[in-house]
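Each remark here refers to the structure printed beneath this line.
As structure tokens, then:
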């Protein structure tokens, strides 16, 4: 640590100083409540301990044990990147977990800080690495800005918006490419739009729309400069004042409620919210949009805690990473959550070999086709844009407008 | 310390457990200092640092405080104070006559017991669950519009019952009513009935009895109610989120947003600012009511 005031070597700083002060404020108390029973797996154990977002979980990890002999102890983290990074840095979760699973972006900060190990692509237990497509394994979700491979892709999707085809007068089968204009400035949808109120999820798609429509000059919608953020927020403030948004949404439950109550016609939301709403409204009543401009493409990566190196259980950890690339995990995730990931063809093979129904196998193929279609368009999101402070500050203006 | 203990016990007129050993009081004060005061000091200190790209910059600076006043967060703080004070005032206006009726009115013991039991129900239910129900009642396709249209009172749904400041006020008033009425009820219920009877015998009108006897004697309860309502109202998160629909940005949302970007200094500055504002409000309150009541005596009614 050369400069105490620098922001480049703060993993060490947080270990010594920040932890002490946070303990006083009570944040440190969280460590004790996370539920880990002891230190992470010993070298000879077949147990892998993971800390991360719960969407990466299988509904039943016994399938993993049956096929690989590995056992998973999974502790769910908050979706909030701030909370997650605090846990990694201040609470030193690497002392207790072997693998971290989170949305892409954290590797840009935690990788160079030394919290994540660089992936050994030649590890013999990572058997499926070579056949994994580059669109997944070389994406900004798992490769750091420094060019190092910090993670293995786990799941991903391309987020857009849910809509009622009859309200927009488009094809009811949901195959049309719609413009993000219906969210931001279409007179047909004015006052009937739900927009997410979280800056990281929402500002990028607005920037994408402005960039694609030529209304603003934006280099990378995922990583706005302070000036670009100001331009985007100015636009959003004007749209908010024009009454474009019916409500700003802050939770998954609200997304479902807004759709099922027909309170909005278009809703910036997660794909599972549309699936869930259709269970109540009827199949195909709402659709999740294919768009003209692009998507909020996100992915979860699995990153190895740096402490694994000294624990000597790297082989077990790499077996687990390989499992994330394999057909069983892929098929179960797609069936239970509707999320895609690398090597979907292996998921189809697995489903066929395990006598899944024709409908289920067809659904896996459709998931593959959907993702291929959507992933051909921009943009890959990040949870840690370079100017997060400025963007968050600008977002306050939008919320206050 | 010993003198303080003696003074306290003399004032209270009884020997408290803390009087039995000087170490007990000292230990209590030390623990209190550690769990309450120390975090506030840490909070204040953090507000004079800065953060960048999810990392703390441990270099003393006023940048965070400047940011509070230039980013719109100051407006959020003022809005939060305005809404919290309005809600507190509405609660007071509603709760005082209700508490008076409950404590000194012509209600039976059974009625009183039932009302008090009903008032405690919210303490046993999750706040989000209680508030989210109102979305289904107030929204455009909700219960109220459904009933009004079925009765042909209105031809088209009434808009604007949800996602407004009014809806947030309403949700907060519903949520915090027990916090206001219970301390006032307790304060009024311990007022000696003979005082009221004597005033009535001497020809005092009911209004004069309320303003000259009941109000001054119940002020400790009123102040306690204000404290218990204003505090949670300032920290409201559920009501602005669920009923404000993102159009009523309050302090808790602002803190949450800053926290999501690991901007500890901003969170610390906002929290410190609110603590300061609360201090100012209570100082003003004590100054205004000093003729009638001592704020430090406010909680005595709760012991009765």
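Chains as they are written, first to last, in our numbering: chain A, 1 to 401; chain B, 1 to 304.
By construction, the Cβ of each residue, glycine as well, lies at the ideal position given by its N, Cα and C atoms.
- [ ] Compare the C-beta of residue 248 of chain A against all C-beta atoms of chain B and say whether one is closer than 7 Å.
- [x] Answer yes: the Cβ-Cβ gap between residue 248 of chain A and chain B drops below 7 Å somewhere.
Task: Cβ pair count under 8 Å reaching 3, the stretch 299 to 309 of chain A against the stretch 218 to 236 of chain A - done: no
Open item on the list: Strictly under 7 Å for the Cβ-Cβ distance: is residue 75 of chain B near chain A by that measure?
Closed with: yes
Task: 7 Å Cβ shell around residue 259 of chain B - same chain, five flanking residues per side excluded - done: Within the same chain, 267 come within 7 Å of residue 259 of chain B by CB-CB distance, once the 5 residues on both sides are set aside.
Task: Residues near residue 93 of chain A in its chain [Cβ-Cβ closer than 6 Å; skip 5 each side] - done: 51 and 87
Open item on the list: At a CB distance below 8 Å, what residues from the stretch 77 to 89 of chain A approach chain B? Give them in sequence order.
Closed with: 80, 81, 82, 83, 85 and 86
Task: Neighbourhood of residue 357 of chain A by C-beta distance below 8 Å, restricted to the same chain and skipping five residues each side - done: none
Open item on the list: Please report the straight-line C-alpha distance between residue 398 of chain A and residue 135 of chain B, rounded to a whole angstrom.
Closed with: Rounded to the nearest angstrom, the two C-alpha atoms are 23 Å apart.
Task: Alpha-carbon spacing of residue 455 of chain A relative to residue 391 of chain A, whole angstroms - done: A question about residue 455 of chain A goes unanswered here, because the residues of chain A that appear run from 1 up to 401.
- [ ] Please classify residue 169 of chain B: does DSSP put it in a helix, a strand, or coil?
- [x] helix
- [ ] Note down, in chain order, all residues in the stretch 139 to 156 of chain B with a beta-carbon under 9 Å from any beta-carbon belonging to chain A.
- [x] 139, 140, 141 and 142
Task: Span separating the alpha-carbon of residue 288 of chain A from that of residue 396 of chain A - done: If I take the Cα positions, the gap works out to 28 Å.
Open item on the list: For residue 5 of chain B, which residues in the same chain have their Cβ closer than 8 Å to its Cβ, ignoring the five residues on either side in sequence?
Closed with: Note that residue 5 of chain B scores a pLDDT of 49, beneath 50, so its modelled location is shaky and nothing firm can be said.
Open item on the list: Just to confirm the assignment: which complete alpha helix (DSSP H) runs, minimum length 4, are found wholly within the stretch 139 to 175 of chain A?
Closed with: 165 to 168
Open item on the list: Only counting the same chain, and skipping five residues up and downstream in sequence, which positions put a Cβ closer than 7 Å to that of residue 148 of chain A?
Closed with: 111 and 118
- [ ] Note down the Cα distance separating residue 174 of chain A from residue 168 of chain A, rounded to an integer number of angstroms.
- [x] 11 Å
TODO: Using the Cα positions of residue 373 of chain A and residue 156 of chain B, report the straight-line distance between them to the nearest angstrom.
DONE: 42 Å
Open item on the list: Using the three-state DSSP reduction, which class does residue 359 of chain A fall into: helix, strand or coil?
Closed with: helix
Open item on the list: Counting only Cβ pairs nearer than 7 Å, list the residues of chain A close to residue 287 of chain B.
Closed with: The contact set of residue 287 of chain B on chain A, defined by CB atoms closer than 7 Å, is empty, because the minimum CB distance reaches about 32 Å.
Task: residue 30 of chain A to residue 386 of chain A span [Cα, whole Å] - done: In this prediction, residue 30 of chain A scores a pLDDT of 38, lower than 50, which makes its location untrustworthy; the coordinate-derived value is nonetheless stated afterwards. If I take the Cα positions, the gap works out to 28 Å.
Open item on the list: According to DSSP, is residue 151 of chain B part of a helix, a strand, or is it coil?
Closed with: coil
Open item on the list: Closest to residue 410 of chain A by C-alpha separation, out of B:279, B:274 and B:262, would be which residue?
Closed with: Since the displayed chain A opens at 1 and closes at 401, residue 410 of chain A lies outside it and no answer follows.
Task: Three-state secondary structure assigned by DSSP to residue 156 of chain B - done: coil
TODO: Please report the residue range of the beta strand (DSSP E) in which residue 247 of chain A lies.
DONE: 245 to 249
Open item on the list: I'd like to know if residue 392 of chain A contacts chain B, where contact means its C-beta is closer than 7 Å to some C-beta of that chain.
Closed with: yes
Task: Cβ-based neighbour list, residue 248 of chain A, same chain, cut-off 8 Å, excluding 5 preceding and 5 following - done: 194, 195, 196, 197 and 399
Task: Per-residue DSSP class, three states only, for residue 177 of chain A - done: strand
TODO: Consider the Cβ of residue 109 of chain A: report whether some Cβ of chain B lies at a distance smaller than 7 Å.
DONE: yes
Task: Amino acids of chain A, ordered along the chain, whose beta-carbon sits closer than 7 Å to that of residue 106 of chain B - done: Near residue 106 of chain B there are no residues of chain A at all, since even the closest Cβ is about 44 Å away, more than 7 Å.
Open item on the list: What residue range does the beta strand (DSSP E) around residue 268 of chain A cover?
Closed with: 266 to 268
TODO: State yes or no: is the beta carbon of residue 263 of chain A nearer than 7 Å to at least one beta carbon in chain B?
DONE: Yes, contact with chain B.
Task: chain A contact residues for residue 135 of chain B, given Cβ-Cβ distances below 8 Å - done: 257
Open item on the list: For residue 400 of chain A, would you say it is in contact with chain B, using Cβ-to-Cβ distances shorter than 7 Å as the test?
Closed with: So, interface residue.
- [ ] Determine the chain A residues that contact residue 71 of chain B at a beta-carbon separation under 7 Å, and present them in chain order.
- [x] 393 and 396
Task: Rounded distance between the beta-carbons of residue 228 of chain B and residue 179 of chain B, thought under 8 Å - done: 4 Å
Open item on the list: Using the three-state DSSP reduction, which class does residue 83 of chain A fall into: helix, strand or coil?
Closed with: helix
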